[in-house]
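Heads up: the protein sequence lines correspond to chains V and F, in order. In this note's numbering, each number is its position in the first sequence, counted from 1, plus 61. In this note's numbering, each number is its position in the second sequence, counted from 1, plus 107. For glycine and all other residues, C-beta sits at the position ideal for the given N, C-alpha and C. Everything numeric in this text was worked out from a predicted model, so none of it was measured. Below is one structure, written out as structure tokens, with a few remarks after it.
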Amino acid sequence: MEASTEMNVAGDPQSQTYGVAAEFDTAAQLFHAAEKIRDAGYKKFDVFSPFPIHGMDDAMGLKRSLLGKLIFCGGLTGFLTAVCLTFIPSSFIYPLIVAGKPTNLFTVPAFFPIMFELTILFSAFTAVFGMFIMNGLPRLNHPMFNWERFKKVSDDKFFCVIEMKDPKFSERDVQDFLQSLGGQNITKVQED
Amino acid sequence: MSEATVIDQEKLTPEEKAIVRPPLVLNERTYGWIGNYVSSIVEAKTPIWWWVCLLPCVLLTGVLGFCIVYLIATGVGVWGNNHPVGWAWDITNFVFWIGIGHAGTLISAILFLTRQKWRTSINRAAEAMTLFAVVCAAIYPGLHVGRVWMAWFLAPVPNANGIWQNFRSPLLWDVFAVSTYFTVSVLFWYTGLIPDLATLRDRATTKIRKFAYGVLALGWRGGNRQWRHYEMAYLLLAGLSTPLVLSVHSVVSFDFATSVIPGWHTTIFPPYFVAGAIFGGFAMVLTIMIPACALYKPLHDLVTINHVDKMCKVIVFTGSIVGYAYIMELFMAWYSANPYEKAAFWYRAFGPYWWAYWAMMFCNVIAPQIFWFKYFRTHLVWVWIICQFPNAGMWYERFVIIATTLARDFTPSAWGQFHPTWVDIWMFIGTFGLFGTLFLLFIRFLPMICMFEVKAVLPEADPHHGGKH
């Protein structure tokens, strides 16, 4: 392998390094790069693409998202809210007899629509806001945005970054490693 | 071979050709082209036709606003609703608009769960249509309560009168169903928009655009550590929206079906309303997508004739379900041996509103059958013309169900007819203005095609594309 050359630096050279990033042309290249980075034992790394790539979680060695379980809890909360909302007023506080219909437990079929709707509503809120929280959004800036080429991530380019926080991180090794994976425009990305 | 489509068809044997899926995006467009072209619609200078279309829409929205203010200031009596037809055009229009919205959710949720990848190029616009249709729908029951300033009584909050909502009432179920539907549709739509807003942010050149799209994109970076939660959220939102959309029109149909009025009191209503909603909604999707793609011709590579063909098949399928439901209603009226039920359907077909009944029958059952012929499914002008029949027919259907039933109930002394007033008519026309205004604003400021999803269905998006497999 040829000797590493001086890397480009994105952001303020005085501040701390966030990580070393590389650019790829195709989804397939990025996919195989992710597999190799995983196999090399790096933990703090991420790959960026204009669209979700099928099977990338496995390639990166990530587990299934926990969001599904969180949403179940959200849905359960919605269901219990609806049970309280319908039964407490209609059976206990202000029992209102309409057309001679019962106000006790036998009235439950009439409450199904409310229970169903609130289950869905709370689950949907959990899905969206849970996703925001797990993704750390909204976040108006990020070190990766210091790199001008990174703007192409939402267009047609693929990127990966190995963070400095990774215990195995060493600037020179990572640079060589990314180069061996076929990464282009290898750049040191600085924190703000 | 993976799910991806094959480009070099020449190398395949005839047997292989028969099973290979046709490409979803034509002319071998690249990621870059999709991003560039769809974003350029939003970034280019405002075209003249846009202003020309916006002006009448805004004027009609103004008329709608005037009618609403006049109604609130004067009283709900400015509508033609009167005994015995207490629900008239307002509820007809409410059900009509809500129904239109259903196609958007069907495309975005049900087709997502069933892995119908062709949905990617039409789901954004269809979801936008859903939201705008629900906005138009919500106006009517809001005003129908009469004293609009008392509308907060619909919400389950403790109040000084010690009165709570009657949770056994289908009208209250409707409040929950429609407001949940709108909220979840907004969340689903916005979640789908985030990666595309990031594209617009990254391409932005002016300060205002950078700020606006930057804030809306929430700092999305497209990292796989984000995508994995994102995809889970999107999948579950689709899973939640699917029963939701089926429930909304079922609950709307309960408004009628749980009453004891002949012609309303039937168990067939929920499935029949849902099928009708999808039927009318798909017709509306085509009604707005065909002109939009005609104005932006290269979009034909994304929204292809194949898409139109499939949507026409959905129309003929759901239209046939609706036709079956109409005939089954007649059969049940006869088979029930209930004189009131029989009379209700007799008056529908041959009573004072016979013209509405036969217009409904023709528009919904007979006209869409022409889509059995491929020629009519693949020629855009024909498709657009034929889609106007379901659009009109579904309005007639709701009018027939509501007005004819109320106009002729049990005793002749209680019979009467409905006559719309100018407020009824202008409010209905005005909602089309509002719908048009919102849709024009949408195509001007937001990407009308879901860019990241279309990129993901290109063959080269498959990580094993061109590999050793």
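Query - Cβ neighbour criterion (16 or more within 10 Å) applied to F/MET257 - result: Here the question's residue 257 of chain F lines up with position 150 in the second sequence. Label assigned to F/MET257: exposed.
**Report entry** Proximal residues of chain V, C-beta to C-beta of F/ASN273 below 7 Å
**Finding:** Within the second sequence, the letter at position 166 stands for residue 273 of chain F. By Cβ distance, chain V contributes LEU157, VAL159.
Report task. For V/PHE167, count neighbouring C-beta atoms within 10 Å of its own C-beta (all shown protein chains included) and say buried if the count is 16 or more, exposed if not. Result -> Your numbering for residue 167 of chain V matches position 106 in the first sequence. Here V/PHE167 is exposed. Its C-beta has fewer than 16 other C-beta atoms within 10 Å.
Query raised in the report: For F/CYS557, which three-state DSSP category applies?
Result: In the second sequence, counting from the first residue as 1, residue 557 of chain F sits at position 450. In the structure shown, F/CYS557 sits in coil (DSSP, three-state: anything other than H, G, I, E or B).
Query raised in the report: When DSSP builds the beta bridges, which residues end up paired with V/GLN245?
Result: Looking up residue 245 of chain V in the first sequence gives position 184. Bridge partners of V/GLN245: V/GLU84.
Requested in this report: Determine the chain F residues that contact V/ASN165 at a beta-carbon separation under 7 Å, and present them in chain order.
Outcome: Here the question's residue 165 of chain V lines up with position 104 in the first sequence. Simply none; closest approach about 13 Å.
Query raised in the report: Can you tell me whether DSSP reads V/GLN75 as helix, strand or coil?
Result: The residue you call residue 75 of chain V lines up with position 14 of the first sequence. The answer is coil: DSSP assigns V/GLN75 none of H, G, I, E or B.
Query - Segments assigned alpha helix (DSSP H), at least 4 residues, entirely inside the region 303–388 of chain F - result: Segments of the alpha helix (DSSP H) lying fully in the region 303–388 of chain F: 314–324, 331–364.
**Report entry** Selection from F/MET558, F/CYS470, F/CYS494 that minimises the alpha carbon distance to F/MET418
**Finding:** Here residue 418 of chain F refers to the residue found at position 311 of the second sequence. Nearest C-alpha to F/MET418: F/CYS494.
**Report entry** Beta-carbon proximity of V/PRO113 to F/TRP334, cut-off 7 Å
**Finding:** The residue labelled residue 113 of chain V in the question sits at position 52 within the first sequence. The residue labelled residue 334 of chain F in the question sits at position 227 within the second sequence. The Cβ atoms of V/PRO113 and F/TRP334 sit closer than 7 Å to each other.
Query raised in the report: Quick one: what's got a C-beta closer than 8 Å to F/ASN266's C-beta in the same chain, skipping five residues either side?
Result: Numbered from its first residue, the second sequence carries residue 266 of chain F at position 159. Result list for F/ASN266: PHE260, in chain order.
**Report entry** Helix, strand or coil at F/ASN413 [DSSP, three-state]
**Finding:** In the second sequence, counting from the first residue as 1, residue 413 of chain F sits at position 306. If DSSP states are grouped into helix, strand and coil, F/ASN413 belongs with the helices.
Query raised in the report: Cα-Cα, which of F/TRP204, F/THR511, F/GLY430, F/ILE508 is closest to F/GLN476?
Result: Position 369 of the second sequence, counting from 1, holds the residue named residue 476 of chain F. The shortest C-alpha separation from F/GLN476 is found at F/GLY430.
Query - C-alpha gap between V/VAL70 and F/VAL358, whole angstroms - result: The residue labelled residue 70 of chain V in the question sits at position 9 within the first sequence. The residue labelled residue 358 of chain F in the question sits at position 251 within the second sequence. Using only the alpha carbons, I get a separation of about 59 Å.
Query - Counterpart residues of F/VAL192 in DSSP-defined beta bridges - result: As a working note, residue 192 of chain F is residue 85 in the second sequence. Paired residues: F/ASN189.
Report task. Starting from the beta carbon of F/GLY329, find every residue of chain V whose beta carbon is closer than 7 Å, and list them in chain order. Result -> As a working mapping, residue 329 of chain F is identified with position 222 in the second sequence. Near F/GLY329 (Cβ distances below 7 Å), the residues of chain V are PHE109, SER110, PRO111, VAL214, SER215.
Report task. Could you say if the region 183–202 of chain V and the region 81–96 of chain V meet the contact criterion of at least three C-beta pairs nearer than 8 Å? Result -> Judged by pairs of C-beta atoms under 8 Å, the region 183–202 of chain V does not touch the region 81–96 of chain V, as fewer than three such pairs exist.
Query - Proximal residues, the region 373–389 of chain F versus chain V, C-beta separation under 7 Å - result: Residues: none.
Query raised in the report: Residue range of the beta strand (DSSP E) that V/ASP107 falls in?
Result: Counting from one through the first sequence, the residue named residue 107 of chain V turns up at place 46. 106–109 is the span of the beta strand (DSSP E), which, as asked, contains V/ASP107.
**Report entry** Contacts around V/GLU224, its chain only, beta-carbon distance under 6 Å, and the 5 residues preceding and following it disregarded
**Finding:** Counting from 1 along the first sequence, the entry for residue 224 of chain V is found at position 163. The beta carbon of V/GLU224 is closer than 6 Å to those of GLY80, LYS105 in its chain, skipping five residues each way along the sequence.
Query - Reduced DSSP category for V/PHE219 - H, G, I as helix; E, B as strand; rest coil - result: Along the first sequence, read from residue 1 onward, the residue named residue 219 of chain V stands at position 158. Here V/PHE219 sits in strand by DSSP.
**Report entry** Minimum length 4: unbroken alpha helix (DSSP H) runs contained in the region 200–265 of chain F
**Finding:** Here the runs fully enclosed are 230–251.
Query raised in the report: My guess is that F/ASN413 and F/TRP196 are in contact by the Cβ rule of under 8 Å, so how many angstroms apart are they, rounded?
Result: Position 306 of the second sequence, counted from the start, is the residue given in the question as residue 413 of chain F. Position 89 of the second sequence, counted from the start, is the residue given in the question as residue 196 of chain F. Incorrect: roughly 38 Å between the Cβ atoms, too far for contact.
Requested in this report: Please say whether F/ARG275 and V/ALA171 have beta carbons closer to each other than 7 Å?
Outcome: Along the first sequence, read from residue 1 onward, the residue named residue 171 of chain V stands at position 110. Along the second sequence, read from residue 1 onward, the residue named residue 275 of chain F stands at position 168. Going by C-beta atoms, V/ALA171 is nearer than 7 Å to F/ARG275.
Query raised in the report: Looking only at DSSP bridge pairs, what is V/GLN251 linked to?
Result: Taking the first residue of the first sequence as position 1, residue 251 of chain V is located at position 190. Residue pairing from DSSP places V/GLN251 in a beta bridge opposite V/THR78.
Query raised in the report: Who are the Cβ neighbours of F/LEU406 in its own chain at under 6 Å, not counting the five residues just before and after it?
Result: On the second sequence, position 299 is the one that residue 406 of chain F refers to. CYS400, listed in sequence order.
Requested in this report: Tell me whether F/ILE148 is buried or exposed, calling it buried when 16 or more other Cβ atoms sit within 10 Å of its Cβ.
Outcome: Here residue 148 of chain F refers to the residue found at position 41 of the second sequence. Under this definition F/ILE148 is a buried residue.
Report task. Please classify F/GLU135: does DSSP put it in a helix, a strand, or coil? Result -> For the purposes of this step, residue 135 of chain F is taken as the residue at position 28 of the second sequence. Reduced to three states, the DSSP call for F/GLU135 is coil.
Query raised in the report: Going by other Cβ atoms of all chains shown within 10 Å of its Cβ, with 16 needed for buried, is F/PRO497 buried or exposed?
Result: Taking the second sequence and counting its residues from 1, one reaches residue 497 of chain F at position 390. The residue in question, F/PRO497, is buried, as its Cβ has 16 or more Cβ neighbours within 10 Å.
Requested in this report: Thinking V/MET68 and V/LYS249 are a contact (beta carbons under 8 Å), I'd like their distance in whole angstroms, please.
Outcome: Indexing the first sequence from 1 puts residue 68 of chain V at position 7. Indexing the first sequence from 1 puts residue 249 of chain V at position 188. Indeed they touch by this definition, with Cβ atoms about 5 Å apart.
Query raised in the report: If F/VAL170 sits next to F/THR544, beta carbons under 8 Å apart, how far is it from one beta carbon to the other, in whole angstroms?
Result: Indexing the second sequence from 1 puts residue 170 of chain F at position 63. Indexing the second sequence from 1 puts residue 544 of chain F at position 437. F/THR544 and F/VAL170 do not touch by the CB rule: their CB atoms are close to 12 Å apart, not below 8 Å.
Query raised in the report: For the region 418–427 of chain F against the region 469–484 of chain F, are there 3 or more C-beta pairs whose distance is under 8 Å?
Result: With a cut-off of 8 Å, the region 469–484 of chain F and the region 418–427 of chain F count as touching, because enough Cβ pairs lie within range.
**Report entry** Distance, V/THR147 Cα to V/VAL169 Cα
**Finding:** As a first step, residue 169 of chain V is located in the first sequence; it is residue number 108 there, counting from the start. As a first step, residue 147 of chain V is located in the first sequence; it is residue number 86 there, counting from the start. If I take the Cα positions, the gap works out to 9 Å.
Requested in this report: List the DSSP bridge partners of V/VAL70.
Outcome: Position 9 of the first sequence, counted from the start, is the residue given in the question as residue 70 of chain V. For V/VAL70, which the question treats as bridged, DSSP gives the partners V/LYS249.
Report task. Decide if the region 365–373 of chain F is in contact with the region 292–305 of chain F; the criterion is three or more beta carbon pairs, one per stretch, under 8 Å apart. Result -> The answer is no - the region 292–305 of chain F does not touch the region 365–373 of chain F, with fewer than three Cβ pairs under 8 Å.
Query - Span of the alpha helix (DSSP H), counted from its first residue to its last, around V/MET210 - result: Mapped onto the first sequence, residue 210 of chain V falls at position 149. What sits at residue 210 of chain V in the sequence shown is Arg, not Met. No alpha helix (DSSP H) holds V/ARG210; DSSP gives it neither H nor E.
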